[in-house]
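Q: If you want this note's numbering, it's the position in the sequence shown, counting the first as 1, plus 31. Sharing a structure with you now.
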Amino acid sequence: MSEKHHIIPVWFFVGLMFLIYGILIFASGLAEWANPPETVLAELHAPVWWGALLILIGAGYVMAFRPRG
Numbered sequence: 032m033s034e035k036h037h038i039i040p041v042w043f044f045v046g047l048m049f050l051i052y053g054i055l056i057f058a059s060g061l062a063e064w065a066n067p068p069e070t071v072l073a074e075l076h077a078p079v080w081w082g083a084l085l086i087l088i089g090a091g092y093v094m095a096f097r098p099r100g
């Protein structure tokens, strides 16, 4: 009866969610870059920056809280 249960931290799944959302937002930003909308601040390419930021944060969380076995 010496079974060890490994608990996966919730922050691992939060990081995974950030990583997936970051990839999706980054990809949509790149598609938007090729065909920019006619808005005032379209030249800032906000989805590319936010997607890259979410990818970095998500990758950091996944690496920091990955299950060790």
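Note that beta-carbon positions come from the ideal geometry of N, C-alpha and C, so glycine has one too.
Determine whether the beta carbon atoms of I86 and L55 lie at a separation below 8 Å.
A: Contact: no.
Q: Compare the Cα-Cα distances from A77 to each of G53, M48, P40 and report the closest residue.
A: With distances taken between Cα atoms, A77 lies closest to G53.
Q: Between the C-alpha atoms of G100 and I88, what's the straight-line distance to the nearest angstrom?
A: When rounded, the distance between both Cα atoms is 23 Å.
Q: With respect to the alpha helix (DSSP H) encompassing L61, which residues constitute its N-terminal and C-terminal limits?
A: Note, L61: alpha helix (DSSP H), 41–65.
Q: Between F43 and V93, is the Cβ-Cβ spacing less than 8 Å?
A: Yes, these two residues count as a Cβ contact at 8 Å.
Q: How big is the Cα-Cα spacing for L75 and E34?
A: Straight-line Cα distance between these residues: approximately 54 Å.
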